[in-house]
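Below: the structure, in structure tokens.
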Amino acid sequence: MNDLDVSAVILNYNSITDTINCLVSLSQQTLKPREIVVVDNKSTDSSINVLWEWVKNNAVIINEEYGSIKHSNVDCKVSLFVFEKIDIYFIKSPVNGGYAFGNNLGANYICKYGESKLILLANPDVLFSTDSIEKLRNEYISVQKKDKQVKIIGVQLVYLDDPEKIQAIGGSFNKLWGVCKHVGRQQNVSDLDFIKESVRVDYPIGACLLIESECFIELGGLNEAYFLYYEELDLITRAAKKKIKFTITNSTTIYHKEGGSIGSSSKSFDAVSSISDKYLLQSRLLFIKRYYPQYLFTNLMVHIFYILKRLWVRDFVKTWNAIRALKVLVKS
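Following this note's numbering from start to finish, the sequence shown increments by one per residue and tops out at 468.
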């Protein structure tokens, strides 16, 4: 493996405009990625057609039938095109296995066929500063000199439409109540140093994550038991058991279009889509069951409150979804 190389994975689901913008952003880096893997998680819109129309007008098609890869017993078609002198592997999944499934599919392709030391997992709705990959790679080299166990790097996210405001520098998790919070949310970028010194960060945000390819393999990738949400917290929890550490860097700025890739937002209860709400509650209970069963009672009390809150505002879809989320507690 080449210590200087970074390969990127972009997961698309019904968000091809964002995906193309992210792809272009990565292609404009001072240190270009060795390759980019774009995974389509069985989009139900016109994503595939729009992508290929864009490819025909802007890139060089090498082979639409380049090969295939099997992941989680699913055979996926791989196409290859070149954009800005970067090999782009497009993997079309015939199933939507969720966020972890899609990212694992792309990352495992890199681990199996690529040579990069580092893998960058990126949501389609993020945009990068032109020096992001270079600075992330340099940050990795720097922290490795101090501590070889730091193998995962999270980033500072700012709002795409308000870049002077922090979206998150990471997340905090209260296991007693099962509550996750974005650290630094809505704070000014100028206050970043104070925030980092005064608030605990339990995990990096999965919207943009740099990880050693060998570490990714060792941990078995993201946990596909989660369809959406809690994947990065689960990853960091498993990493900690193996003495693997993470760090957060603010050496570069990553712009995030909040909720753009899944139609979710944490600014208000009403802004959260029913599908996001469903998987958020389900994954929360699953995580507690797996790692903190001693706090299951208090988390059930919180979950009952969530059900009553959704019933109170007469959102019966979200109420039913919250009730159905309880089934994860009886599954093996």
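C-beta atoms are modelled at their ideal positions from N, C-alpha and C, and glycine is treated no differently.
Distance from A343 to V262 at the Cβ level is roughly 6 Å; contact confirmed, criterion being Cβ atoms closer than 8 Å. Assignment of beta-bridge partners to S204 by DSSP yields K213. Note on K393: 16 or more other CB atoms within 10 angstroms of its CB, so buried under the neighbour-count rule. Annotation: the continuous beta strand (DSSP E) that includes Q303 extends over 298-304.
A Cβ-Cβ separation of about 12 Å leaves I246 out of contact with V174 under the 8 Å criterion. DSSP links F352 through a beta bridge to no other residue.
Listed in chain order, the non-local C-beta contacts of G238 below 6 Å within the same chain comprise L147, V175, N177, local neighbours out to five positions each way being set aside. Nearest in C-alpha terms to L416, of all of R450, K454, I255, is K454.
In this structure L369 does not touch L421 by the C-beta definition: roughly 13 Å separates them, more than the 8 Å allowed. When the five nearest sequence neighbours on each side are left out, the beta carbons in the same chain lying within less than 6 Å of the beta carbon of F363 are those of G234, Y415, in order along the chain.
For the set Q165, S215, D327, the Cα lying nearest the Cα of L187 is the one of S215. Around the CB of Y366, 16 or more other CB atoms lie within 10 Å, so the residue is classed as buried. Counting other Cβ atoms within 10 Å of its Cβ, I277 stays below 16 and is therefore classed as exposed. Using a 10 angstroms sphere on the CB of S204, the tally of other CB atoms stays under 16, which defines it as exposed. Taking C-beta atoms as the reference points, S208 and E360 count as a pair closer than 9 Å. Secondary structure at Y366: coil, using DSSP grouped into helix, strand and coil.
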